[in-house]
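Numbering (this note's numbering), first residue to last: 5 to 305. Virtual Cβ for every residue (Gly too), placed ideally from N, Cα, C. Everything numeric in this text was worked out from a predicted model, so none of it was measured. Working notes, structure below.
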């Protein structure tokens with residue numbers, strides 16, 4: 005099928021946009037911690053189903069302990085800790101700005117790979133990093149005119165810090181996942197192992213803190229939130245991950261990754277129409293500049 009990879013990558017980007025929107029709505033109803041715990045359980049169900057349909061088993065078989073260690077560590081850092089910060093950022097600054105901050109993940113990953121995996125940085129990569137960071141900073145540091153300023157328009161530094169922490173967690177998760185996926189190990193199997201490790205850690209911590217019953221009570225008290233979490237999980241770990249695998253298999257990784265990085269653009273109208281955010285020309289231009297930097301980093305570096 006012509007352009008199968010590109011279409012799958014575009015579908016992935018659309019799925020990520022739906023996911024961030026649904027999780028933001030759910031997080032504002034029941035809190036980001038509840039959303040993170042519940043979506044991991046749902047994600048395991050969806051991913052196990054995908055694993056059975058595509059690979060014939062519900063769970064990866066005969067996985068080396070070292071591989072499990074790296075993938076499990078990746079899940080704890082990237083999905084449990086990183087996503088916990090990201091989901092709280094969704095609540096504080098909304099999905100549009102949070103997803104823009106997540107566009108820094110390729111930048112942070114490249115820098116971490118330079119330090120820890122000894123991958124060299126080319127002049128083009130340095131230029132791409134500079135462009136991306138400049139675009140994000142231009143959006144983040146924007147202030148609304150005094151006569152139009154609202155609470156939403158003020159810079160929420162806690163939300164920004166949490167978004168950056170989420171991006172850092174995702175980047176570290178990718179670096180550790182790379183070690184676990186070495187040798188052409190199935191990305192779907194790796195994702196399932198990461199999800200299980202993250203779920204075990206988060207639910208164990210919830211049990212130790214006496215949060216199991218409160219989590220279920222909050223969910224039962226706001227059944228609409230479960231619908232949003234279910235939708236976010238379906239479009240994220242299930243459909244989004246599946247489409248992303250199709251994308252990287254059917255086209256060049258750089259092309260697929262660049263298209264998949266488009267959610268910040270899609271989130272501009274969502275932020276305006278759904279969350280009633282003030283979207284200025286500076287926010288739109290800064291978002292495009294940041295994504296140009298990401299495209300350079302992935303395509304030409």
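message = Here's the rule I'm using: 16 or more other beta-carbon atoms within 10 Å means buried, otherwise exposed. How should residue 223 be labelled?
response = By the 10 Å Cβ count, residue 223 comes out buried.
ask   = What's the C-alpha gap between residue 68 and residue 225?
value = The straight-line gap from Cα to Cα measures roughly 43 Å.
query = Where does the unbroken alpha helix (DSSP H) through residue 186 begin, and where does it stop?
reply = Segment: none, residue 186 is in no alpha helix (DSSP H) and carries neither H nor E.
ask   = Where residue 237 and residue 294 are concerned, what is the direct C-alpha to C-alpha distance, given to the nearest angstrom?
value = Near 27 Å, if we compare the C-alpha coordinates of residue 294 and residue 237.
query = How big is the Cα-Cα spacing for residue 29 and residue 232?
reply = Inter-residue distance for residue 29 and residue 232 is about 7 Å (C-alpha atoms, whole angstroms).
ask   = Just how far apart, CA to CA, sit residue 156 and residue 266?
value = In this prediction, residue 156 has a pLDDT of 47, which is less than 50 and means its spatial position is unreliable; what the coordinates show is noted afterwards. Using only the alpha carbons, I get a separation of about 23 Å.
Simplified DSSP state of residue 304, which is helix, strand or coil = Three-state DSSP puts residue 304 in coil, outside helix and strand.
query = Mapping DSSP to helix, strand and coil, what is residue 282?
reply = In the structure shown, residue 282 sits in coil (DSSP, three-state: anything other than H, G, I, E or B).
key: Closest by C-alpha distance to residue 263, when choosing among 296, 285, 279, 141   = It is 296.
query = Taking DSSP as the reference, what is the three-state secondary structure of residue 21?
reply = Of the three classes helix, strand and coil, the one that applies to residue 21 here is helix, per DSSP.
query = Can you list, in chain order, the stretches of the alpha helix (DSSP H) that have 4 or more residues and sit fully within the stretch 155 to 225?
reply = Taking only runs of at least 4 residues, the alpha helix (DSSP H) segments lying wholly in the stretch 155 to 225 are 161 to 184, 191 to 212, 216 to 225.
message = Once DSSP output is grouped into helix, strand and coil, what is the label at residue 83?
response = DSSP, reduced to helix, strand and coil, places residue 83 within a helical segment of the structure shown.
request  = Assign residue 62 to one of three DSSP states: helix, strand, or coil.
outcome  = Note: residue 62 maps to coil in three-state DSSP.
query = Is the stretch 161 to 179 touching the stretch 103 to 113 in the sense that three or more CB pairs, one from each, lie closer than 8 Å?
reply = Here the stretch 103 to 113 lies against the stretch 161 to 179, with 3 or more beta-carbon pairs under 8 Å apart.
request  = Tell me whether the beta-carbon of residue 272 lies closer than 9 Å to the beta-carbon of residue 291.
outcome  = Remark: C-beta atoms of residue 272 and residue 291 approach each other more closely than 9 Å.
ask   = Buried or exposed: which applies to residue 274, given that a residue is buried once 16 or more other Cβ atoms fall within 10 Å of its Cβ?
value = Burial call: buried.
key: residue 67 - containing alpha helix (DSSP H), residue span   = Taken as a continuous stretch (DSSP letters only), residue 67 belongs to no alpha helix (DSSP H), as it is neither H nor E.
inquiry  = DSSP three-state label for residue 290, please.
reply    = Look at residue 290 here: in three-state DSSP terms it is helix.
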